[in-house]
Structure formats: structure tokens, C-alpha cells
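Student:
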Amino acid sequence: MPGAVSQARKSSIMGVPAPNKLYPVDLATYKDDLEHASYYTDNLPDDVDEPWPYRFEVGEFVWVRTVGGNWHQGKVSGQPKLGRTRENDGLFYPVIFSFKIRKYFAPLNGELKPDSPHTRKLLEEAGWI
43 MPGAVSQARK SSIMGVPAPN KLYPVDLATY KDDLEHASYY TDNLPDDVDE
93 PWPYRFEVGE FVWVRTVGGN WHQGKVSGQP KLGRTRENDG LFYPVIFSFK
143 IRKYFAPLNG ELKPDSPHTR KLLEEAGWI
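Each position in the sequence shown, counted from 1, maps to that position plus 42 in our numbering.
#1: Below 7 Å CB to CB, which residues in the same chain sit around H160 once its five sequence neighbours on both sides are set aside?
#2: Name, in chain order, the residues that DSSP records as bridge partners for H114.
#3: Name the residue from E166, F139 and E167 whose alpha carbon lies nearest to the alpha carbon of L191.
#4: Got a sec? Which residues, its chain only, sit under 6 Å from I55 by beta carbon, not counting five neighbours each side?
#5: Taking the CB atoms as reference points, tell me whether V100 and G116 lie closer together than 8 Å.
#6: Return the CA-CA distance between V67 and E166, expressed in angstroms with no decimal places.
Laid out in C-alpha cells, this is it:
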């Protein structure tokens, strides 16, 4: 179509990053450093915005940071997909928050945390709860 501009090109022209492509992933064969539960507790973040390598389960309660920088409680609503995080490929989890919004978030981007005592402590220290 003449004169048509792709969504990715339009986004780059306007200074907005293009949406991240997400791909299905087989968790049974997907390899990362998170295969041992001790990895989660040995690598706790010191700040609420730091990445926290973590594997989530469907139905697990979480905290998510939206594009606007606000933190909300949510619930993992399905299986993760693979996509590009800040530094490497990583898992993006679908989360429902604010009763109706469903978006994908990546723990390696620092935008998804388990609803745990440590996370609530970090959010409290940052003035969110």
C-alpha cells in the first residue's frame, strides 16, 4: 500500500519503542538459571525496580509496574512467552491487574515481582504501600 508506514517504523519515528515480539515457549525444555528454587532466595533485589529472576505459576499473586511507573497487585493469568528483556531473552508473564487489564510483564525487566514479604517491604520503603 503506497504511503503506508509500518507500526514499528511509525513507533521509531515518534520516539516510542516498537512493541516487543513474544513467542510461545515450552517450559519443559526452556533453560535458564532458575532451575533451582534456592536461586530465588539467594538473589533478592535491594530495590523495588531491580530485576528479580523468578519463575511464576499460573494463578500466583504478583506486583507489576506499569508503563507510567505505578505498582499494582495482579495475578498471573496464563503461560509465559519468550521475548527480549533489557539484556537477554527472558520470560514475559500475562498478568491481570486493576480488575480488567491484561498485559505481559518480565521479571528480568524489574516490572514483575512475586507478592511476597520481601516485595511488600521494598514497595513500602519506596512509598507505594
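Quick reminder that beta carbons are idealized off the backbone N, C-alpha and C, glycines included. Keep in mind it's a predicted model, so treat the numbers as computed, not measured.
Tutor: So, from the listed chains and residues:
#1: L86
#2: V106
#3: The structure shown does not extend to residue 191, since the chain spans only 43 to 171, so no value can be given for it.
#4: In this prediction, I55 scores a pLDDT of 45, lower than 50, which makes its location untrustworthy; no coordinate-derived value is stated.
#5: no
#6: 34 Å
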